[in-house]
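K.L.:
In mature numbering (1 follows the signal peptide of the UniProt record, and there is no 0), the protein residues as written are -31 to -1, 1 to 337. Glycine residues also receive a C-beta, built at the ideal position from the N, C-alpha and C atoms. The model shown is predicted, which means the values in this text are computed figures rather than measured ones.
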Ligand code: CA
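1) What is the DSSP secondary structure of residue 88, counted as helix, strand or coil?
2) From 22, 130 and 309, pick the residue whose C-alpha is nearest to that of residue 103; which is it?
3) Given that a residue counts as buried once 16 or more other Cβ atoms are within 10 Å of its Cβ, and exposed if not, what is residue 96?
4) Which residues does DSSP pair with residue 220 in a beta bridge?
5) Report back the beta-carbon spacing between residue 135 and residue 71 to the nearest angstrom; my notes put them in contact at under 8 Å.
6) Between residue 321 and the rest of its own chain, which residues show a CB-CB distance below 6 Å, the 5 nearest in sequence each way excluded?
7) Run through DSSP, which three-state label would residue 108 get?
8) Report the start-end ranges of each beta strand (DSSP E) in the stretch 1 to 48 that is 3 residues or longer and not cut off at the edges.
9) Say the cut is 8 Å; is the CB of residue 171 nearer than that to a heavy atom of ligand 1?
10) Report all residues from its chain with a CB closer than 6 Å to the CB of residue 69; omit the five preceding and five following residues, and keep chain order.
11) For ligand 1, enumerate in chain order all residues having a CB closer than 6 Å to any of its heavy atoms.
12) Could you check where the alpha helix (DSSP H) with residue 279 kicks off and where it finishes?
13) Is the distance from the Cβ of residue 188 to the Cβ of residue 54 below 9 Å?
14) When the Cα atoms are used, what is the spatial distance from residue 234 to residue 91?
15) Please identify the residue among 115, 140 and 7 whose C-alpha is closest to the C-alpha of residue 60.
16) Below 7 Å CB to CB, which residues in the same chain sit around residue 80 once its five sequence neighbours on both sides are set aside?
17) Between residue 167 and residue 1, what straight-line distance do the alpha-carbon atoms span, to the nearest angstrom?
18) Are the CB atoms of residue 122 and residue 248 within a distance shorter than 9 Å?
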């Protein structure tokens, strides 16, 4: 019996070390496999804020993976035009993309819910819905048809209302203007008599300067200053009712993602979560100084949008969003989830965030 037990023990220990050997060989093979990815974006290469996020992502992933996953970042137009980022990732021309989902409304109108909803949720609330309220699951479900995975990859915070080459004193002053404004906000503007022109960020300055458009929105002081928009229009309006934030997206070719070992997938997801926070932090920090520079050094005329413009925009926004919800079953499902979350979070934020802002700055509270 004793001998027999010993034999079994020896055999078992041999089996165990055999298994360990196989496992360590596998790990070595995995550790040696490297992946070289391309990332296309809708922004000028290295652009402040939104363009820095993808650069940071590439750097962190390279460091965390010890060079096993490298990402080459392309600005708009370097590998594909800014508005072809989604197709490029869907078709595998690039493994990764950084953009904003409202640019894909021609493919999937419901994608607009994940970028910016006029009079909708702000960055803090969108992050909560996407990460803890089921939003990101719905977003991935929407993109499934295109072979694309999506992660949340940055937020602008509340944007500015935009640049105008004349003063806007009432809704009537909007009539006949040509303006660049993407997404649902653009549709709302159309209902107030504005002709909407779509173009990537990189084309805005020239169009505004040449008079091809009379007005534009872009992001906020930090990015608007970088584009020099103050050199092409005098009046800078707030608030950005049309984009209470934009959420940026990291889109990933599904097959490319599935081909990564689990640890590299985890590194990629973690790095995207990092830039999601970092992009908003950078905007929050830099917008203040940029606004001072625009007003004090460049003499920009800062104006609040008239009450009737905001009231009319809010009415039309409700119509536009309701119509989008009717577009498809999936759009209805996303809309219901978005609205239910917004109602709950606004209930609480009325007595927390908003009440605090009003208490901190009572002179401005009538604007709330
Ligand atoms: Ca914008």
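P.N.:
Judging by the given coordinates:
1) Stepping through the chain shown from its first residue, residue 88 is reached at position 119. In this structure, residue 88 counts as coil in the three-state DSSP scheme.
2) By one-based count along the chain shown, residue 103 stands at place 134. The residue with the shortest Cα to Cα distance from residue 103 is 309.
3) Here residue 96 corresponds to residue number 127 of the chain shown, with the count starting at 1. Buried: at least 16 other Cβ atoms inside 10 Å.
4) One-based indexing of the chain shown puts residue 220 at position 251. In the DSSP output, where bridge partners are listed per residue, residue 220 has 66 and 119.
5) The sequence position of residue 135 within the chain shown is 166, counting from 1. The sequence position of residue 71 within the chain shown is 102, counting from 1. Contact flag wrong, Cβ pair sits at about 27 Å.
6) On the chain shown, residue 321 is found 352 positions in, with the first residue counted as 1. Answer for residue 321: no residue qualifies.
7) Indexing the chain shown from 1 puts residue 108 at position 139. Residue state, collapsed to three classes: helix.
8) Within the stretch 1 to 48, the runs of beta strand (DSSP E) that reach at least 3 residues and sit entirely inside it are, in chain order, 4 to 10 and 38 to 43.
9) Residue numbering aside, residue 171 sits at position 202 when the chain shown is read from its first letter. No, the Cβ of residue 171 stays beyond 8 Å of every heavy atom of ligand 1.
10) Here residue 69 is taken as the residue at index 100 of the chain shown, counted from 1. Here the set comprises 84, 215 and 217.
11) 128, 186, 187, 188, 212 and 215
12) Translated into positions along the chain shown, residue 279 becomes position 310. Start and end: 276 to 294.
13) Residue mapping note: residue 188 aligns to position 219 of the chain shown, counting from 1. Residue mapping note: residue 54 aligns to position 85 of the chain shown, counting from 1. No; because the gap between Cβ atoms is not below 9 Å, this pair is not in contact.
14) Start at 1 with the first residue of the chain shown, and residue 234 comes out as number 265. Start at 1 with the first residue of the chain shown, and residue 91 comes out as number 122. One C-alpha to the other measures close to 29 Å.
15) Within the chain shown, residue 60 is the residue found at index 91, counting from 1. With distances taken between Cα atoms, residue 60 lies closest to 115.
16) As a first step, residue 80 is located in the chain shown; it is residue number 111 there, counting from the start. Correct list, in chain order: 70, 71, 73, 74 and 111.
17) Your numbering for residue 167 matches position 198 in the chain shown. Your numbering for residue 1 matches position 32 in the chain shown. If you take the alpha carbons of residue 167 and residue 1, they lie about 45 Å apart.
18) Taking the chain shown and counting its residues from 1, one reaches residue 248 at position 279. Taking the chain shown and counting its residues from 1, one reaches residue 122 at position 153. Yes, they are a contact pair.
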